[in-house]
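Just so we're aligned: the sequence shown equals residues 42 to 149 in this note's numbering. Backbone N, C-alpha and C define an ideal beta-carbon position, used for all residues, glycine too.
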Amino acid sequence: MSFPFEITARDGAARVGVLRTRRGDIRTPAFMPVGTAGTVKGLTVDQVGATGADIILGNTYHLMLRPGAERIAGLGGLHKFMDWPFPILTDSGGFQVMSLAKLRKLNE
42 MSFPFEITAR
52 DGAARVGVLR
62 TRRGDIRTPA
72 FMPVGTAGTV
82 KGLTVDQVGA
92 TGADIILGNT
102 YHLMLRPGAE
112 RIAGLGGLHK
122 FMDWPFPILT
132 DSGGFQVMSL
142 AKLRKLNE
């Protein structure tokens with residue numbers, strides 16, 4: 042899978058561009074609202090779109106805890122679950138795994 046990047050402007054070492062994905066174009070630099078557990082708190086999907094955001098960010102660790110991978114898969118995947126047809130970036134959640142370890146009880 043490739044993600045073509047088109048530079049549209051430069052200023053010294055800085056650049057502005059467009060990252061093209063199959064879900065849509067992402068203008069850079071990008072504002073990414075955070076939908077930690079599958080929703081951007083306090084905003085509807087239409088309101089998130091009205092911010093001009095081309096992409097939203099989710100956290101894999103929090104999505105795993107709630108609502109859970111099985112529920113997301115059962116509802117057709119993350120895009121359908123979040124009702125967001127555009128690009129979604131998910132981070133690994135590795136920081137949360139380590140920083141919140143003392144608050145979690147593991148049974149496996």
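Short check: CB of residue i to CB of residue j, under 8 Å?
{"i": "F44", "j": "G79", "result": "no"}
{"i": "F17", "j": "G65", "result": "Since the first residue shown for the chain is 42 and the last is 149, residue 17 is missing from the structure and cannot be characterised."}
Looking only at its own chain, which residues have a Cβ that is under 8 Å from the Cβ of residue i, when we skip the five neighbours before and after it?
{"i": "T101", "result": "T131, D132, S133, G134"}
{"i": "M73", "result": "A94, I96, I97, L98, L130"}
{"i": "I113", "result": "G79, L104, L119, F122"}
Where does residue i land, buried or exposed, given buried means 16+ other C-beta within 10 angstroms?
{"i": "Q88", "result": "exposed"}
{"i": "V138", "result": "exposed"}
{"i": "V57", "result": "exposed"}
{"i": "L144", "result": "exposed"}
{"i": "L104", "result": "buried"}
Rounded to the nearest angstrom, what separates residue i and residue j at their Cα positions?
{"i": "P108", "j": "L119", "result": "11 Å"}
{"i": "N148", "j": "A91", "result": "42 Å"}
{"i": "K146", "j": "A110", "result": "18 Å"}
{"i": "D82", "j": "A71", "result": "The identity of residue 82 in the sequence shown is Lys, whereas the question assumes Asp. In a straight line, the C-alpha of K82 is about 19 Å away from that of A71."}
{"i": "F46", "j": "A54", "result": "16 Å"}
{"i": "F136", "j": "L106", "result": "15 Å"}
{"i": "I67", "j": "A142", "result": "34 Å"}
{"i": "L116", "j": "R63", "result": "21 Å"}
Pop quiz: residue i and residue j are said to be a contact at Cβ under 8 Å. What is the actual Cβ separation, rounded to whole angstroms?
{"i": "T69", "j": "L60", "result": "6 Å"}
{"i": "D124", "j": "V86", "result": "5 Å"}
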